[in-house]
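Here is the structure we will look at.
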Amino acid sequence: MSSNHVNNRNRQCHSEMASNYLPIINNKNNNGHVSQTSKLTSIALLVGSASLVLTGCQSNPTASADVAASSTLMDFSTANPAQSQRQGRAFTASQEAQAERYAQLFNQEKYPNTEHQAKAHLLAAIRQHLATEHVAVAQANYQAVPFIDADSIDAGSSSLLRTIIETYAYQPEGMYDSSDDEAQAEARAELAAVGVESNKCNENEDDDAYEVCVVEGINYDYDDAKDSIESDYPSDYADEEQKAEQEKKAIAAILAEAGENEPTSSDASSDNEYAYDGADDYSSDDYNNYDEYSSGGEGMLSGMSGLNPKKMAAKYEAMQMAKQQAKTEPTNSEELSMSSTGLIGNILTMFSRTPEQIAASNAYQYQHLTFNSVSQHNPKQRQLQSVYSYDYATPTISSSIQIPVAFDFNNSSVTLDPSAIMPIVALVNPENTPLPSQLASHTVSFGLPDSITAQLPPAVLYDAVLNAIQSSMAELAPEHFSAVDISGDAFAKEVGATRAVKVYFGSQQSGEMIGKTLKYVTKSLQEYVDANPEKYPDGAMLKAALAKAQLYNKGYQSADVGSLLQLIEAIGPISFNQINYYYLDNSDRLLAKQQRVNIGGDLLGSTTTMLNQVRYDKASFDHHALTPLLAESFGSNAVAPIDGNAWIAAQRQKKDRLQTARYARYAYEDGRLETDYSSDEYDDRYDAESIDESRIGDAKDDNEK
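Residues in the sequence shown are numbered consecutively from 476, following my numbering.
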């Protein structure tokens, strides 16, 4: 084996020597051939590359042995145990280093990169935050901006959805299409064929044959045919109008010969009566089916003819030219806009807001509008208490709508202050709506019925949802989590954060979160049902619903829900995304959160941004203006809420009593009539009243006629 190795090395050296002499030989052979300069250049490059590859070939055996000894490859040319051991250890170390490098590239659990570290810090902070009691103070502000920036390359361009809608609805005046000639020719040929068949039937004296002709002749509506042919011709072509007039005369002649004119009552013959009887043999369904085929463009797919690519392209070009003409001629801009976009285009224009309207909305509405809230979360008791306030304040007007809401999942109840919605309740049910002075407490508590809580306790659903949200976020790809620099973040300095993690939720990520959350919730509820077989026997409603949900969950992946939202965003009149910034301290405790939600689209012409800042510190909660209302509504010294279930039951019982009294009054009137009159007198009076009522009904019908 060693001799073969030496021979191979010698062959490599001879190859190197030959490669060194190759340029000299080529120069001798090609001397005087200046036209082959490019070929010589290519050969020189090839020789240079080969020399670089063969650089390791050495003619000195001692030097070759030293290089082999220092290499990580095993050298079997010499029988030196010490050298083999050294080479073996070097080879093992090299393999371990390569495996370590490979693990650093792909094993993010052991060697996490920046994104994985940011995700790990955030998940730890969220788990700790949801498991401990905390308070929150939130304030949301709004701002609208044009959907397309004025400096963008897309400025002045419509979205694909709006272009398709406007092009489909566009009907240019005087636009002539040569394809209409074929349809008109077919209509004229069909009209002539029907006329000939009707004429043959009219000349046939056999009643049976005439009946068959009437049945198979298809009662063609000549007036509709004439109208359709006349309407297909543009009014701008005089020769087409002349042809239409000639067609009218030809149709009139055919009608006269076929005897299709309406017969008078005096001209009705027995043959005609027999023919009409034959025509009556058609069922109404057959006649309706015939109407569907004979109506042509009025069928179910009548609008699909406008989706011809050639027609759509021509209509689009004409529409764009009309819009350009409207810009160059301001006096006719309104008229051209009406003709170019039609009713649908005008509706879209009405919904779309101009930059001036957007600026006015920011100055007069969004700048003075805030959405505030204070919340208190107790995870052990599964309670969430909040006060939401919708505030609008200007130098001349100030208004505030405040709604306290509390959820108690252990007791399956929700408590709220109905003052904000009391005017709406008064409009629906004014008799049973109490005044604020009549309420013993300003909060009302509603509980779920036992039929629902027995099937699914809200506490179980609460735990399933919280766990699903955490597990779903943990499965999101790390590239959606980014550690951001907060050195220049003013909000981070206010809350005292040392690090921040940015999480982007677009349509794909939001849909994936929804899909994963649904699957995790279904899995948790299934585990609860399996752990309590005595409560959920075979055939139980919840068990059957979960089995069906699990069946459907196998048919899609969570990312498919995100793709569906992307499709809706692509073809729909709305685009949305959500960006979250989580602010943490050194111990991975969640201090604050900043959420930015963008909602808008080209059809609306604007994008509305909601910026929501949430603080989780106790100091902000204690000094907030809504905190006293939260304590007054749900604190330890708060007045007990009104039992909403009892109030609803009392209203239902009152309604049932009124209905029972109404039926009793009807029975009392019937009994009084039976005691006052004998049966014969009662029947006569009842018949007389019936006759009078029928006469009154006839008189009403005559008056309406």
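C-beta atoms are modelled at their ideal positions from N, C-alpha and C, and glycine is treated no differently.
Item: Aspartate 866: first and last residue of the uninterrupted beta strand (DSSP E) it sits in; Value: 858–868
Item: Check whether alanine 1020 and threonine 997 have beta carbons under 7 Å apart; Value: no
Item: Start and end residues, beta strand (DSSP E) containing tyrosine 1056; Value: 1050–1059
Item: Collapsed DSSP secondary structure at aspartate 474 in the structure displayed; Value: In this structure the chain extends from 476 to 1180, so residue 474 is not present and cannot be described.
Item: When Asp938, Pro911, Pro870 are compared against lysine 855, the one with the closest alpha-carbon; Value: Asp938
Item: Residues that glycine 1075 bridges to, as DSSP identifies them; Value: Ser1050, Thr1082
Item: Among Val976, Leu597, Tyr1011, Ser888, the one whose alpha carbon lies nearest that of aspartate 960; Value: Val976
Item: Residue range of the unbroken beta strand (DSSP E) whose run includes tyrosine 617; Value: 609–621
Item: Nearest-angstrom Cα separation, counted from leucine 1105 out to asparagine 1112; Value: 11 Å
Item: Within 7 Å, strictly: CB atoms of leucine 1101 and valine 849; Value: yes
Item: Rounded C-alpha distance that separates alanine 1124 from glutamine 618; Value: 45 Å
Item: Beta-carbon gap between asparagine 1055 and glutamine 1070 smaller than 7 Å; Value: yes
Item: Assigned exposure category for serine 982 - 16 Cβ within 10 Å defines buried; Value: buried
Item: Length at least 3, wholly inside the stretch 882–951: the beta strand (DSSP E) runs in chain order; Value: 888–891, 919–922
Item: Bridge partner(s) assigned by DSSP for alanine 975; Value: Val959, Tyr1058
Item: Glutamine 851 - containing beta strand (DSSP E), residue span; Value: 844–853
Item: For leucine 1101, the first and last residue of its enclosing alpha helix (DSSP H); Value: Careful: leucine 1101 lies outside any alpha helix (DSSP H) and carries neither H nor E.
Item: At least three beta-carbon pairs within less than 8 Å, the stretch 895–908 to the stretch 920–940; Value: no
Item: Contact the stretch 1071–1079 vs the stretch 1047–1062: 3+ CB pairs below 8 Å; Value: yes
Item: Cβ-based neighbour list, aspartate 626, same chain, cut-off 8 Å, excluding 5 preceding and 5 following; Value: none
Item: Counted within 10 angstroms of its Cβ, other Cβ atoms place lysine 594 as buried (16 or more) or exposed; Value: buried
Item: Which of helix, strand or coil DSSP assigns to alanine 630; Value: coil
Item: Selected residue, minimal CA-CA separation from phenylalanine 966, among Arg561, Asn1087, Lys1129; Value: Asn1087
Item: Contact check, proline 1116 vs serine 916, beta carbons under 7 Å; Value: yes
Item: Distance, leucine 910 Cα to leucine 891 Cα; Value: 16 Å
Item: Cβ neighbours of methionine 897 in the same chain (closer than 8 Å, five flanking residues each side left out); Value: Thr908, Pro911
Item: Environment of serine 999 [buried if 16+ CB atoms lie within 10 Å]; Value: buried
Item: Whole-angstrom C-beta distance between serine 1033 and glycine 971, which should lie under 8 Å; Value: So it is not a contact: roughly 36 Å between Cβ atoms.
Item: Residue from Ala644, Thr1135, Phe956 whose Cα sits closest to the Cα of lysine 786; Value: Ala644
Item: Whole-Å CB distance - arginine 1090 paired with valine 620, under 8 Å assumed; Value: With a Cβ gap of about 26 Å, arginine 1090 and valine 620 do not count as contacting.
Item: Proline 879 versus alanine 1142 - alpha carbon distance; Value: 49 Å
Item: C-alpha distance - phenylalanine 437 paired with aspartate 964, whole-angstrom precision; Value: Shown here, the chain extends from 476 to 1180; a query on residue 437 therefore has no answer.
Item: Residue span of the alpha helix (DSSP H) that contains glutamate 792, given as start and end; Value: 784–803
Item: Cβ shell of methionine 1016 (< 7 Å), same chain only, five flanking positions each side left out; Value: Gln930
Item: Proximity to threonine 642 [Cα-Cα], best of Leu941, Arg602, Leu936, Leu823; Value: Leu823
Item: Start-to-end residues for the alpha helix (DSSP H) that takes in asparagine 837; Value: 830–839
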